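2 protein chains.
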Amino acid sequence: MQDVTAPGPHLVRWVNARAVLEVLRRASGVLSVSELMDHTRLTRATVIAVCEDLVQRGWAEEPDVPRGPGPQKGRPARRFAFRADAGAVLGIDLGVAKATVLVADLRGETLAQATSGMPAEAEAQRIDTIAATALRALEACGRSPRDVLAVGAGMAAPVDREGRVVGGQAFWGQFDFGLAEALDERFGWRVLLENDANLAALAEQWRGAARGVEDVAVMLAGERVGAGVLESGRLLRGHGGGFGELAFLSMVDGVGAPAGIAQLAREWGAEAATEGGLGGMPPEEVSAEAVFAAATDGDEAARAVLDRIALVMARVVAILSTVFNPELVVIGGAVADAASRLLPRIRAQLPALTATPARVEVSPLGGRAVTLGAVRRALDDVAARSLEIDLP
Amino acid sequence: MQDVTAPGPHLVRWVNARAVLEVLRRASGVLSVSELMDHTRLTRATVIAVCEDLVQRGWAEEPDVPRGPGPQKGRPARRFAFRADAGAVLGIDLGVAKATVLVADLRGETLAQATSGMPAEAEAQRIDTIAATALRALEACGRSPRDVLAVGAGMAAPVDREGRVVGGQAFWGQFDFGLAEALDERFGWRVLLENDANLAALAEQWRGAARGVEDVAVMLAGERVGAGVLESGRLLRGHGGGFGELAFLSMVDGVGAPAGIAQLAREWGAEAATEGGLGGMPPEEVSAEAVFAAATDGDEAARAVLDRIALVMARVVAILSTVFNPELVVIGGAVADAASRLLPRIRAQLPALTATPARVEVSPLGGRAVTLGAVRRALDDVAARSLEIDLP
DNA sequence: CGACTAAATTTAGAGTCTAAATTAGAGGCT
DNA sequence: AGCCTCTAATTTAGACTCTAAATTTAGTCG
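Heads up: the protein sequence lines correspond to chains A and X, in order.
Counting in my numbering, the first sequence runs from 54 upward without gaps.
Counting in my numbering, the second sequence runs from 54 upward without gaps.
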């Protein structure tokens, strides 16, 4: 039998402060006390008390009357605003060959960005590179490392709910190079490690194709295929962070290995080239972009390759539709624009492949999905801890 | 921007009452006020006030001093207990050919059970049969229909979060025969419709193989194969209630249609019989039980059938392991004892089929999983609404 | 019968909220 | 200038809730 937490007399204040802060956070600008009252169902007295609390703690500010234009009636309203600049968060995309760091304010607006190539060698050096990149980005927007309230970081490996890279297999071990501990030690940063497809899902829900959708599967389909799944708006991770892995596709059907769009385009494009298609391009030089370009120019062989890819993707989308029964499947990753050309064909195939076809969209976020999702993850963490955080 | 709810001054009391009630509910018997204080971190004064509230409302009782044996020091403690008999819940398994109704008290102890064959014809008649069965079960334990605080009901169809059977396809339409509305109208019962595999998952988590496990996939593998998935202890439903559907297996690999263990045993058993196996049994007479019995007797052909079935099940378990990454996969359904004979073979196959093999167990609940899960579902609903319910 | 003990009850005090009454600031009108 | 109107801020009174400390109570034990 487990204990149930119990509240002190401050619980009510805590709840109300949270509610007010949440309303302020979501509002784009200043809100008058009366507006706050409408949104929270609290009394004026309470709202004012809470707001003054929040100002005290640094979460809100009361801008000095830059009042709206035109004539106004009545006593001027006190107005409060969320201090989006009270701190900052970092979103990091830990790619295989490079790392990208995004700095955002507490409303999620991007302040700066920095990218570095990643040496594949020593771990210590990788960490140094990432730290340096983060510092560069912070400097670019005039923020101090002490402003950072949370850091989201995404990598192409399963990560469990505690942020551990769970390499049962030794293969994943290389991904766990102690980044979280290192950044905590150096800067005192709270680092939230996450699978990249999961972050992409958060990003789509936040600012992408899945706004307002509660049940969605996001498929990163660039080089490898991986999926992030939201159910009832919640991210699913599974016991070891492997929720949404599609590796089983490799032992299934004609799908082959869980290869992404880019990889398939290269592979099958090269095949087509050896057989004389693609304008006789040398097979070794075939790139994904080249195949798509050729298809646009009307090359028959290239179009055939696209058809094959579309069928594969349709099958993957069908499986996602069936197993997770989402309202929407988003195709994302670095190849989003290519994917949008496959979209009509995928949609056409889908009803034949599943009894519960989801809506299918292509991500409007392109390659930014993972960093944005990392920012979102960090912001969620900050929001959840707001009233426990001592602002710098 | 959405409103955030705000509390009145009663919030604290509400939270505390909830906490105390929860502790009482989980305790097996009486608890002294001091014990309650330990578990809730509340003051004695508060605990007593809350308990008297709860007694007033009918949720708790203060039994008159059937004090423990042996010598005791100090003033006798006031002791309170959850009133498990303050109401009742119903758990219904709506099978294709029969309906089973379970009556349970508010702690989930079974009070009575009744089963009826189901006429496949008119819907009105089906509802009558179910209602009659429920009344029979209630009568058997001396409960009135007015005692019923919630009804859980499971059927082999996708059901969304609002309890609607979502037949995009006409096929599912037949499952939605207005049971919830009818029972509400006749008895004022709150009916919670749910997919049967989902209920099985709840049952396993409650009293089955998945106690204490947060991430689990439960596979009903009797006639058809369906799965219920819990992630972080929460049931996953998806947009239309179809989460965990495995229909895609039909277009995959050598798995064939999503047939269950019993169906495969009959089918392949009959094949084996035509080829002279199974001691020359007439193919039409081959039943699943016969195949299993023959295998136990050492029949080679029957054993071969079992091997084939084990391989199929191993593949399904592997896919569940990969996609949902649970800590545990439970094989349930009416064929649980048969499944336990397949278990070693399934476990042996698994590591070769997935990178994230889950633990595999066979359900100890047998055919009772769905009704038990339905009871659990109803109890959860009651627990969530406790303080809003007016007890009869 | 009194001492001991654990628990119940009482009392005092501090937060929090709402609701109603009062006061404050700005503009408009005569 | 003086008064009116309007909206919002502030003040005041009252009601809950909780905790903590002091006091009383109901048993057991010697």
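Where a beta carbon is used, it is the ideal one built from N, C-alpha and C, also for glycine.
These numbers were taken from a predicted model, which means no experiment stands behind them.
*Whole angstroms is fine: what's the gap from valine 428 of chain X's alpha carbon to leucine 373 of chain X's?*
26 Å
*Please classify glycine 449 of chain X: does DSSP put it in a helix, a strand, or coil?*
Look at the range of chain X in this structure, 54 to 445, and you will see that residue 449 of chain X is not part of it.
*State the DSSP-derived secondary structure class of phenylalanine 296 of chain X, mapped to helix, strand or coil.*
coil
*Pick helix, strand or coil for isoleucine 442 of chain A, following the three-state DSSP scheme.*
coil
_Just to confirm before moving on: does the CB-CB distance between glycine 64 of chain A and valine 278 of chain X stay below 9 Å?_
The question names glycine, but residue 64 of chain A is leucine in the sequence shown. For leucine 64 of chain A and valine 278 of chain X, no; Cβs fall outside 9 Å.
*asked:* Checking 9 Å against the spacing of the C-beta atoms, do leucine 273 of chain A and alanine 422 of chain A come in under that value?
replied: yes
_Do alanine 263 of chain A and leucine 381 of chain A count as a contact pair if the criterion is CB distance below 9 Å?_
yes
_Opposing strand residues paired with glutamine 166 of chain X [DSSP bridges]_ = In the DSSP output, where bridge partners are listed per residue, glutamine 166 of chain X has X:Leu155.
*According to a CB-to-CB cut-off of less than 9 Å, which residues of the segment 366-389 of chain A neighbour chain X?*
The residues in question are Arg368, Ala371, Ile372, Ser374, Thr375, Val376, Phe377, Asn378, Pro379, Glu380, Leu381.
*Going by alpha carbons, who is nearest to aspartate 117 of chain X out of X:Leu84, X:Val149, X:Ala141, X:Arg94?*
X:Leu84
*Quick one: is serine 439 of chain X buried, meaning 16 or more other Cβ sit within 10 Å of its Cβ, or exposed?*
buried
*Tell me, please, which residues DSSP counts as bridged to methionine 366 of chain A.*
Its beta-bridge partners do not exist; DSSP assigns none.
*Of all the residues that make up the segment 285-298 of chain A, which are near chain X by a beta-carbon distance shorter than 9 Å?*
Ser285, Arg287, Leu289, Arg290, Gly291, His292, Gly293, Gly294, Gly295, Phe296, Gly297, Glu298
*asked:* Cutting at 6 Å between CB atoms, please list the residues of its own chain near serine 197 of chain X, excluding the five before and the five after it.
replied: none
*Got a sec: which bits of the segment 335-358 of chain A sit with their beta carbon under 7 Å from any beta carbon on chain X, in order along the chain?*
none
*By how many angstroms is the C-alpha of isoleucine 362 of chain A removed from the C-alpha of valine 308 of chain A?*
Model confidence at valine 308 of chain A stands at a pLDDT of 40, short of 50, so the residue's coordinates are unreliable; what they give is reported in the following sentence. Computed Cα separation, rounded: 10 Å.
*Round the Cβ separation of serine 416 of chain A and alanine 387 of chain A to the nearest angstrom and send it over; I've been treating them as touching at under 8 Å.*
With 8 Å as the limit, serine 416 of chain A and alanine 387 of chain A do not qualify as a contact, their Cβ atoms being about 10 Å apart.
*With contact counted as at least three CB pairs below 8 Å, one residue from each stretch, are the segment 184-204 of chain X and the segment 141-160 of chain X in contact?*
yes
*For glycine 332 of chain X, count neighbouring C-beta atoms within 10 Å of its own C-beta (all shown protein chains included) and say buried if the count is 16 or more, exposed if not.*
exposed
*According to DSSP, is arginine 136 of chain X helix, strand or coil?*
coil
*chain X contact for arginine 438 of chain A (CB, 9 Å cutoff)*: no
*Considering only C-alpha positions, which residue in the set A:Glu115, A:His292, A:Gly170 is nearest to arginine 412 of chain X?*
A:His292
*Secondary structure at methionine 90 of chain A, three-state DSSP: helix, strand or coil?*
helix
*What does leucine 273 of chain X touch in chain A if you count any residue whose Cβ is under 9 Å from its own?*
Under the 9 Å cutoff, chain A gives no residues; its nearest Cβ is about 16 Å from leucine 273 of chain X.
*Given valine 103 of chain X, which residues of its chain have a CB within under 6 Å of its CB, disregarding the five upstream and five downstream residues?*
Listed in chain order, the non-local C-beta contacts of valine 103 of chain X below 6 Å within the same chain comprise Asn69, Ala70, Val73, local neighbours out to five positions each way being set aside.
*On the DSSP bridge assignment, give the partners of valine 73 of chain A in chain order.*
According to DSSP, valine 73 of chain A bridges with nothing at all.
*Taking the alpha-carbon positions, what's the leucine 432 of chain X to valine 76 of chain X distance?*
The straight-line gap from Cα to Cα measures roughly 15 Å.
*Answer yes or no: the CB of arginine 398 of chain X versus the heavy atoms of the ligand FMN, is any distance below 8 Å?*
What this structure holds is no ligand at all, so the ligand FMN is not there to describe.
*Assuming arginine 368 of chain A and leucine 406 of chain A make a contact with CB atoms under 8 Å, what is their CB distance in whole Å?*
6 Å
*Got a sec? Which residues, its chain only, sit under 7 Å from alanine 167 of chain A by beta carbon, not counting five neighbours each side?*
Val154, Thr186, Arg189, Ala190, Ala193
*arginine 287 of chain X - DSSP class collapsed to helix/strand/coil*: Residue state for arginine 287 of chain X is assigned as strand, using DSSP reduced to three classes.
_From X:Ala280, X:Gly286, X:Ser285, residue whose alpha carbon lies closest to that of glycine 294 of chain X_ = X:Ala280
_Looking at chain X, is there any beta carbon in it that lies within less than 9 Å of the beta carbon of valine 83 of chain A?_
False, the Cβ-Cβ gap to chain X never drops below 9 Å.
_Using 8 Å for Cβ pairs, my map puts phenylalanine 377 of chain A next to valine 282 of chain A. What's the rounded Cβ distance?_
5 Å
_Chain-ordered neighbours of leucine 64 of chain X on chain A, where CB pairs are closer than 8 Å_ = Leu64, Val65, Val68
*Does the beta carbon of aspartate 268 of chain X come closer than 9 Å to any beta carbon on chain A?*
yes
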